[in-house]
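Mapping of the sequence shown onto the numbering used here: residues 248 to 500, in sequence order.
I have placed the structure first, in the form of structure tokens, so that the comments after it can refer back to it.
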Amino acid sequence: MSKIIAIANQKGGVGKSTTSINLSSCLAEKGKKVLVIDIDPQGNTSSGLGIDKNRLENSIYDVLIDEEEITNCIHKDVYENLDVLPANVNLSGAEIELIDLDDRSYVLKNKIDKVRDDYDYIIIDCPPSLSILTVNSLTAADSVLVPIQCEYYALEGISQLIKTINLIKKKLNPELEMEGVVFTMYDSRTNLSAQVIDNVKENLSGYIYETVIPRNVRLAEAPSHGLPINYYDSKSAGAVGYRKLADELITHS
Numbered sequence: 248m249s250k251i252i253a254i255a256n257q258k259g260g261v262g263k264s265t266t267s268i269n270l271s272s273c274l275a276e277k278g279k280k281v282l283v284i285d286i287d288p289q290g291n292t293s294s295g296l297g298i299d300k301n302r303l304e305n306s307i308y309d310v311l312i313d314e315e316e317i318t319n320c321i322h323k324d325v326y327e328n329l330d331v332l333p334a335n336v337n338l339s340g341a342e343i344e345l346i347d348l349d350d351r352s353y354v355l356k357n358k359i360d361k362v363r364d365d366y367d368y369i370i371i372d373c374p375p376s377l378s379i380l381t382v383n384s385l386t387a388a389d390s391v392l393v394p395i396q397c398e399y400y401a402l403e404g405i406s407q408l409i410k411t412i413n414l415i416k417k418k419l420n421p422e423l424e425m426e427g428v429v430f431t432m433y434d435s436r437t438n439l440s441a442q443v444i445d446n447v448k449e450n451l452s453g454y455i456y457e458t459v460i461p462r463n464v465r466l467a468e469a470p471s472h473g474l475p476i477n478y479y480d481s482k483s484a485g486a487v488g489y490r491k492l493a494d495e496l497i498t499h500s
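This is the structure:
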């Protein structure tokens, strides 16, 4: 049975897509069979994995509106052990399409159930908002991994996200757990990054990953080349960080 992890934070620019891309790729590198589901209309995870989101014949949108089977929309072996269910701007329309459905919060879960047994891990990159797409992701997931950037206002929106997680656990998905928090964009040259980590640890209960993802130029460059960091620069600090995160997640799971 696979583990389904939603990567979520309603605040944008925290390294959510970066984490989705590189954690998935590093899990695949370790021999785990991984499916990445991009459910953000911006499609950054799709393009960051080398998929041309503007030329997609089928995407997660077609799956959600029941126009295509999920198996026909998954891009197989984008990298070794790594499959991708991509997204593009068409997904914005799903918000309207799903709103009148009685089971609108369970649409993604019902689709994933058809392929769940094919994977060790399914990683869902959520939009940076508490939309029906995010609700679908959290309803389908076993746990939520929250990237937090090491900058001012790091806790902004986290309390609301935790309230949402607890509400979904109560109303829609009683099995949902908090996978934990991972710090991103850590800059060892500043006191601020260390202060942010201390502040979050004081204010958040639950698992906080020991692995901290550094602010890294190579990590920032990789998406423009459509490559995960372990393929773009295997020895960079970013690659080392995400490999450690993959190891820790496997152990923690």
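Idealized CB from N, CA, C, for every residue including glycine.
Keep in mind the model is a prediction, meaning the values are calculated, not measured.
Taken atom to atom, the span from the alpha-carbon of Ile284 to that of Met425 is near 19 Å. Taking C-beta separations shorter than 7 Å and ignoring five residues to either side along the sequence, the partners of Leu345 in its chain run Leu311, Arg351, Val354 and Ile379, following chain order. Look at the segment 340-419 and you find these whole runs of beta strand (DSSP E), each 3 residues long or longer: 368-372 and 390-396. In this structure, Asn269 is the residue among Asn269, His322 and Asp349 with its C-alpha nearest to the C-alpha of Asn477.
In this structure, DSSP gives Glu327 a state outside helix and strand, which the three-state scheme calls coil. Under a 10 Å Cβ-count criterion, Thr498 is classified as exposed, with fewer than 16 other Cβ atoms of the shown protein chains found around its own Cβ. In the three-state reduction of the DSSP assignment, Ile497 falls in the helix class, which pools H, G and I. Taking 8 Å as the cut-off, the beta carbon of Pro421 is found no closer than this to the beta carbon of Ile286.
The residue from Ile415, Ile252 and Asp494 with its alpha-carbon nearest to that of Ile369 is Ile252. As DSSP reads the structure, His322 sits in a beta bridge with Val331.
For Gly262, the secondary structure class from DSSP, reduced to helix, strand or coil, is coil. Secondary structure note for Asp309: it is in no beta strand (DSSP E), and the uninterrupted alpha helix (DSSP H) holding it is Ile307 to Leu311. For Gly427, the three-state secondary structure derived from DSSP is strand. Ala255: not part of any beta strand (DSSP E); DSSP gives it neither H nor E. Annotated three-state conformation of Glu457 is strand, per DSSP. The segment 290-302 makes contact with the segment 264-281: 3 or more CB pairs, one atom from each, lie closer than 8 Å.
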